[in-house]
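Have a look at the structure below before the remarks.
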Amino acid sequence: MRSYEFTAVFRVKEDNYPTGLKNVKDIFEKNGVTTLSEEDLGDRLLAYPVHKEERGHYHLLNIDADPAGILKIENALKLQTSLLKYLFVKKEK
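To get the numbering used here, take the position in the sequence shown, counting from 1, and add 224.
Set out below in structure tokens:
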């Protein structure tokens, strides 16, 4: 297992954030990811429009995951319509 910092940007409109976060956590659970901590960073203005959205709701999760499973997780995340952007960053020991 390796430690990662996962940042997600959700659509602000409607109830995309709560349902989108639940979907992301379900994907993580199915792929054996352990969530160490999480932080809601709130709504922020994006640096540039993404899919015609100018604002996004940011959420940060510190996770432990198998490096081989990250590709499967990314493929599942690409199908989430409530998710504008996401980023995995490998944390140093």
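Note that CB positions come from ideal geometry on N, CA and C, so glycine has one too.
For Asp250, the three-state secondary structure derived from DSSP is helix. Asp239 and Leu307 have their C-alpha atoms some 12 Å from each other.
Sequence-distant partners of Tyr310 (beyond 5 residues in either direction) whose C-beta falls short of 6 Å from its own C-beta, in its chain, are Ala232, Leu301. The beta carbon of Gly244 sits closer than 7 Å to those of Phe234, Gln304, Ser306, Leu307, all from its chain and outside the five residues before and after it, given in chain order. Counting C-beta pairs closer than 8 Å gives three or more between the region 289-301 and the region 252-265, which meets the contact rule.
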